[in-house]
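Comments concern the structure below.
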Amino acid sequence: MADDSSTAPSNSALDPASLSFEDALRALETIVRRLESGDVPLDESISLYAQGEELRKRCTERLASAEARIAKLTTDASGAVTGAQPFGAE
Numbered sequence: 007m008a009d010d011s012s013t014a015p016s017n018s019a020l021d022p023a024s025l026s027f028e029d030a031l032r033a034l035e036t037i038v039r040r041l042e043s044g045d046v047p048l049d050e051s052i053s054l055y056a057q058g059e060e061l062r063k064r065c066t067e068r069l070a071s072a073e074a075r076i077a078k079l080t081t082d083a084s085g086a087v088t089g090a091q092p093f094g095a096e
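All residue numbers for the sequence shown refer to my numbering, where the first residue is 7 and numbers rise by one.
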């Protein structure tokens with residue numbers, strides 16, 4: 007397995023709120039790979055799991071925020087935009 011030390015989150019607490027969605031997702035994926043490898047001691051695994059949970063929450067919040075900003079455009083028979091409704095509203 008390749009060494010992910012250059013992209014792996016450190017054991018110090020990450021600040022998920024300061025990360026972009028993409029950076030938080032990348033950090034979460036790195037944590038998952040490390041945990042799945044089975045090569046991490048128990049105490050470090052627990053710390054990584056907690057960091058991963060915070061990153062997961064950050065990603066979920068960012069996705070919810072993005073969905074709230076996306077509007078479904080409504081059109082009339084001729085195709086002209088007549089309005090918008092929130093994402094997921096039918």
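Ideal placement from N, C-alpha and C gives every residue a C-beta, glycine not left out.
Open item on the list: Here's the rule: buried if 16 or more other CB atoms are within 10 angstroms of the residue's CB, otherwise exposed. What is LEU48?
Closed with: Within the sequence shown, the letter at position 42 stands for residue 48. That one is exposed.
Open item on the list: Assuming contact is defined by CB atoms lying nearer than 8 Å, are LEU54 and ARG40 in contact in what I supplied?
Closed with: By one-based count along the sequence shown, residue 54 stands at place 48. By one-based count along the sequence shown, residue 40 stands at place 34. Contact flag set, yes.
Open item on the list: For THR80, list the residues DSSP reports as bridge partners.
Closed with: As a working mapping, residue 80 is identified with position 74 in the sequence shown. Paired residues: GLY89.
TODO: Inspect the beta-carbon positions of LYS78 and ALA90 and report whether they are closer than 8 Å.
DONE: Taking the first residue of the sequence shown as position 1, residue 78 is located at position 72. Taking the first residue of the sequence shown as position 1, residue 90 is located at position 84. Taking 8 Å as the Cβ cut-off, LYS78 and ALA90 qualify as a contacting pair.
TODO: Closer than 6 Å by C-beta to THR80: which residues in its own chain qualify, once you throw out the five before and the five after it? Chain order, please.
DONE: Position 74 of the sequence shown holds residue 80. If we look at THR80 and ignore the five residues flanking it on each side, its Cβ neighbours are THR88 and GLY89.
Task: Among GLN57, SER43 and LYS63, the one whose alpha carbon lies nearest that of PHE27 - done: One-based indexing of the sequence shown puts residue 27 at position 21. Here the closest residue by C-alpha is LYS63.
Task: Per-residue burial, ILE1 [other beta carbons within 10 Å of its own, 16 or more giving buried] - done: Summary: the structure shown does not reach residue 1, with the chain confined to residues 7 through 96, and so no result is reported for it.
Task: Presumed contact (8 Å Cβ cut-off) between LEU34 and LEU61, rounded CB distance - done: Here residue 34 corresponds to residue number 28 of the sequence shown, with the count starting at 1. Here residue 61 corresponds to residue number 55 of the sequence shown, with the count starting at 1. About 4 Å; that satisfies the 8 Å criterion.
Task: Sequence ranges, alpha helix (DSSP H) only - wholly within the stretch 23-86, length at least 4 - done: 27-43 and 48-75
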